[in-house]
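Line by line, the protein sequences give chains A and B. The numbering of the first sequence is this note's numbering, which starts it at 299 and goes up by one. The numbering of the second sequence is this note's numbering, which starts it at 16 and goes up by one. We put the beta carbon where it would ideally sit given N, CA and C, even for glycine.
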Amino acid sequence: MSEAKASPPGRIVAGALAPHPPHLVYAENPPQNEPVAECGWETLRWGYERLRRDLDALDYDVIVLLSPHWQTYIGTHILAHPRFESLSVDPIFPNLFRYHYQMDVDVELAEAIHGEAAKAGLVTKLMRNKDFRVDYGTIVSCHMTDPQWRTPIVALSSQRSHAYYSVEVMQQQSAALGRATRAAIEATGRRALLLSSNSLSHRHFVTESAVPEDMSKEHITNHNQYLWDMKVIQMMREGRTRELVDTMPEFTSQAITETDAGSLTWLMSAMDYPTTPGELYGYGTVIGTGNAIVGWTGSEK
Amino acid sequence: MSGGVIKGLIVPGLPQPLLVPEQNEGWGRIRAAFEAAREELLAAKPDVLLIYSVMWPSVIGHQIQADPNPKWVHVDELFHDLGSIPYDFKMDAEFAHAFKDAATARSLHARTVSYYGFPIDTGSVVALKLLTPNNEVPACIVSSNVYSDRAETVVLGKAAADAAKATGKRVVAVVVTTLSNRLFTDFIDPKDDRIHSPKDDEWNQKMLEFLEAGRLEDVAQLSREIHRQIRVSKVVNFKPMWWLSAALGQHNNYTGKVYDYAALYGTGAAVVSLTPSTSGVGDKEYDEEDVEVYAGNRNVLGGPEGGEVHAGPAPVKRVQAEAVEVGPIAPAAAASAAWSAVMSTDAAPKPVGAYPHARRVGDLLYLSGIGPRQPGTDAIPGGPIRGADGSPLDYDIRAQTRAVIENIRIILEAAGSSLEKVVDITVFLVDMDRDFKGYNEVYAETFEPIQATRTTVAVRALPTPIAVEFKVVALP
Numbered sequence: 299m300s301e302a303k304a305s306p307p308g309r310i311v312a313g314a315l316a317p318h319p320p321h322l323v324y325a326e327n328p329p330q331n332e333p334v335a336e337c338g339w340e341t342l343r344w345g346y347e348r349l350r351r352d353l354d355a356l357d358y359d360v361i362v363l364l365s366p367h368w369q370t371y372i373g374t375h376i377l378a379h380p381r382f383e384s385l386s387v388d389p390i391f392p393n394l395f396r397y398h399y400q401m402d403v404d405v406e407l408a409e410a411i412h413g414e415a416a417k418a419g420l421v422t423k424l425m426r427n428k429d430f431r432v433d434y435g436t437i438v439s440c441h442m443t444d445p446q447w448r449t450p451i452v453a454l455s456s457q458r459s460h461a462y463y464s465v466e467v468m469q470q471q472s473a474a475l476g477r478a479t480r481a482a483i484e485a486t487g488r489r490a491l492l493l494s495s496n497s498l499s500h501r502h503f504v505t506e507s508a509v510p511e512d513m514s515k516e517h518i519t520n521h522n523q524y525l526w527d528m529k530v531i532q533m534m535r536e537g538r539t540r541e542l543v544d545t546m547p548e549f550t551s552q553a554i555t556e557t558d559a560g561s562l563t564w565l566m567s568a569m570d571y572p573t574t575p576g577e578l579y580g581y582g583t584v585i586g587t588g589n590a591i592v593g594w595t596g597s598e599k
Numbered sequence: 016m017s018g019g020v021i022k023g024l025i026v027p028g029l030p031q032p033l034l035v036p037e038q039n040e041g042w043g044r045i046r047a048a049f050e051a052a053r054e055e056l057l058a059a060k061p062d063v064l065l066i067y068s069v070m071w072p073s074v075i076g077h078q079i080q081a082d083p084n085p086k087w088v089h090v091d092e093l094f095h096d097l098g099s100i101p102y103d104f105k106m107d108a109e110f111a112h113a114f115k116d117a118a119t120a121r122s123l124h125a126r127t128v129s130y131y132g133f134p135i136d137t138g139s140v141v142a143l144k145l146l147t148p149n150n151e152v153p154a155c156i157v158s159s160n161v162y163s164d165r166a167e168t169v170v171l172g173k174a175a176a177d178a179a180k181a182t183g184k185r186v187v188a189v190v191v192t193t194l195s196n197r198l199f200t201d202f203i204d205p206k207d208d209r210i211h212s213p214k215d216d217e218w219n220q221k222m223l224e225f226l227e228a229g230r231l232e233d234v235a236q237l238s239r240e241i242h243r244q245i246r247v248s249k250v251v252n253f254k255p256m257w258w259l260s261a262a263l264g265q266h267n268n269y270t271g272k273v274y275d276y277a278a279l280y281g282t283g284a285a286v287v288s289l290t291p292s293t294s295g296v297g298d299k300e301y302d303e304e305d306v307e308v309y310a311g312n313r314n315v316l317g318g319p320e321g322g323e324v325h326a327g328p329a330p331v332k333r334v335q336a337e338a339v340e341v342g343p344i345a346p347a348a349a350a351s352a353a354w355s356a357v358m359s360t361d362a363a364p365k366p367v368g369a370y371p372h373a374r375r376v377g378d379l380l381y382l383s384g385i386g387p388r389q390p391g392t393d394a395i396p397g398g399p400i401r402g403a404d405g406s407p408l409d410y411d412i413r414a415q416t417r418a419v420i421e422n423i424r425i426i427l428e429a430a431g432s433s434l435e436k437v438v439d440i441t442v443f444l445v446d447m448d449r450d451f452k453g454y455n456e457v458y459a460e461t462f463e464p465i466q467a468t469r470t471t472v473a474v475r476a477l478p479t480p481i482a483v484e485f486k487v488v489a490l491p
């Protein structure tokens, strides 16, 4: 940490809600993915394009994200091996997502977050097993944000405290983890992009169309979920992020959301609850779930 | 040799007994229990080890592992520090496909998966490594669907039994699950491991007492209560006993053996075997519907082409159906009736036996044999074919046929269907030579544009003095 003291103060350069449906990678046909599609989910993919365009104008040296698909029931775990290289096969949609990835990890920042979180009384563990297969949520959000994988990653697991305790406990722990993340970024002098890798409403369809990219079959699962999605998107668009977090328990339970992972609360806390309007880059449904891409790319502090 | 599910096993899926059994006395006992169960398993000479793992969640229906030789180096997402687990398994792809076919025949949404690198869950890896370390028995693995309820899970268990029969294979069904599943939420010294709470321990002991007495169906019927009492709501709820009991025949007649029980990081872990027996507790209370086919919320995409809804012939054997008297009923109400509802309406002639006018099973509506009698009066348009003394009478086959079709229309519409949705008709004539032409002409007036499949047969008699009866299958 002595080097960090000599460096310019670290900061969170930008943050984004960056959902991880593997369908987006599938529809894009990048060289890393094996299955081939002809189209699909364009509004979300074009939204990611615009997010990337805005991010390209920024100078950041690490992506820190929290994924709902690395589920750890004992504390928050953090990737802490320098490089992972493997094949990620989606356990739900193996027909869509078989992705070859190579990922560099910012181990120093991972260790710093681990230390700050421990100081805050959180249970954390570093993941140093080289054979570990990174979850597909992390990979999809990273790919959609940085398809060339130019930037090192720090990936945090989802500690499922809402399952053991309540959404409220999840909120408190995620907020504490957000503060610890920010402190570690500042202490290490990093310029970080933060990603909350989750959808909003998360009630899936339970059947699938014969052609996965058949957009005539795509819609929100039910109207209630759409209403909730629009409500919280409007909060983000107006910079009402404390209200968003205050509403999170009700939103999470009523709209069956993926925010139960704590990722969006973590992001808002790490960014100290931005009051600037979030930019809505896109909203669309994927197998019935509601997905929004929202960025705070001008919120430099 | 006839196939079937010959035995059930219940095993835990956490990796400690495989990777670090020496770190805790209880973990070592569970490891030894796996090894003892393996001996019993191999002595039964099974053809397939069929695993239902609560640690493999699925969203889109039920996924069945069909890669004949999956290889990988697996790392648990939580206990990654315990080490890597290389595996090289032998799977029975033929059985996997048979299981998928059996599941779809029962209207479940199912598919096989066979992709290099597909992530086999920790629980299945642990079970296979410890039960068949040298691939002594080929395996098959099925996922635990996040959204599936009891009905769907029971049907999936019955499909497993169907597959065993269809392939002629002797199958041992294995559920990978803990009993109570409450982990500690902080890291512990392995030597300090214990069941998380006395309440969890007491419920675990009660479950084991039942299982040792062979009362599997009783445990299955307690699943929701068990979930409420000692299960943390993780990705999937507590449903493995529904599946296992359905696969084994839904009864309480087993020889149960509890090999051991111990804590695994706070959870309750046990290795249990259940072998069907000719005797046992036997008493069971079916306080929930027994289900043969699934017809739940599977077609959310709308339209038969969109959802890959498999509505094949329904192998109905025993359905504890709810009788729904509908007379008359609104089509919308009928359409939303329970999938297994039986339907009768006052607007059609009263049945002459203990049967309903119609019964919906899955995505098909089956009508009982329908004749020309008029509702309320039992009068026969076109006249009866014989008098009260049995003497033959002249009658009008065309009028009888029109009346039959009208009665069918009434019943179909009362059930939310219509003549246009008829897909198959069997026609019974008592005098083929005399009546075929007239009946055939009237039939064509209605059914020529519908193009339902049809079979016409001659029968010696019908229960009432009528000349014609239709048996219809329609879409609801």
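Taking the C-beta atoms as reference points, B/Leu-24 is found no nearer than 8 Å to B/Val-273. When rounded, the separation of the alpha-carbon atoms in A/Leu-349 and B/His-89 is 35 Å. Within chain B, the residues Glu-92 have their CB atoms less than 7 Å from the CB of A/Trp-368, given in chain order. For the stretch 373 to 390 of chain A, the set of positions with a beta-carbon nearer than 9 Å to some beta-carbon of chain B reads Gly-373, His-375, Ser-384, Leu-385, Ser-386, Val-387, Asp-388, Pro-389, Ile-390 in chain order. If one requires a minimum length of 3 residues, the beta strand (DSSP E) runs lying completely within the stretch 381 to 440 of chain A are 381 to 387, 396 to 402, 422 to 425, in chain order.
The C-alpha of B/Val-442 is placed about 12 Å away from the C-alpha of B/Asp-450. A contact between stretches requires three or more CB pairs, one per stretch, nearer than 8 Å, and the stretch 110 to 118 of chain B fails this requirement with the stretch 22 to 37 of chain B. Assigned with DSSP and collapsed to three states, B/Lys-214 falls in helix. For A/Glu-506, the closest Cβ of chain B is nearer than 8 Å. Here B/Pro-478 has Val-367 as same chain residues with Cβ atoms under 7 Å from its own Cβ, once five neighbours each way along the sequence are excluded. A distance below 7 Å between beta-carbons, with the five flanking residues on each side excluded, links A/Glu-414 to the following residues of its chain, in chain order: Ala-478, Ala-481, Ala-482. Here A/Gly-588 carries a strand assignment [DSSP, helix/strand/coil]. According to the DSSP assignment, B/Ala-482 belongs to no beta strand (DSSP E), since it is labelled neither H nor E. A distance below 8 Å separates the beta carbons of B/Ala-111 and B/Thr-127. With its beta carbon less than 8 Å from one in chain A, B/His-95 belongs to the interface.
In this structure, A/Ser-495 sits away from A/Pro-329, with a CB-CB distance that is not shorter than 8 Å. The C-alpha of B/Ala-235 is placed about 48 Å away from the C-alpha of A/Leu-578. Residues of the stretch 192 to 206 of chain B with a C-beta less than 8 Å from any C-beta of chain A: Arg-197, Leu-198, Phe-199, Thr-200, Asp-201, Phe-202, listed in chain order. Distance from the CA of B/Ala-284 to the CA of A/Leu-363, rounded to the nearest whole angstrom, comes to 34 Å.
If you compare the alpha carbons of B/Leu-379, B/Val-376, B/Ser-359 with that of B/Tyr-370, the shortest gap goes to B/Ser-359.
Sixteen is the threshold: when 16 or more other Cβ atoms of the shown chains lie within 10 Å of the Cβ of A/Asp-527, as they do, the residue is buried. When secondary structure is reduced to three states using DSSP, B/Gly-138 falls in the helix class. Judged by DSSP secondary structure, B/Lys-22 falls outside any alpha helix (DSSP H) and instead within the beta strand (DSSP E) spanning 19 to 26. Across the set A/Met-468, A/Leu-493, A/Leu-407, the C-alpha of A/Leu-493 shows the shortest separation from the C-alpha of A/Ala-312. Annotation: the continuous alpha helix (DSSP H) that includes B/Ile-420 extends over 412 to 429.
The C-alpha of B/Tyr-280 is placed about 10 Å away from the C-alpha of B/Gly-41.
Runs of the alpha helix (DSSP H) lying entirely within the stretch 443 to 478 of chain A, each at least 4 residues long, are 459 to 462 in chain order. If you look at A/Thr-370, you'll find it in the beta strand (DSSP E) that goes 360 to 370. Sequence-ordered contacts of the stretch 413 to 437 of chain A with chain B read Val-421, Lys-423, Met-425, Arg-426, Asn-427, Asp-429, Phe-430, Arg-431, Asp-433 [C-beta pairs closer than 8 Å]. Contacts between B/Ile-156 and chain A, judged by CB atoms closer than 7 Å, are missing: the closest CB pair is about 12 Å apart. Residue range 447 to 462 is occupied by the alpha helix (DSSP H) that includes B/Phe-451.
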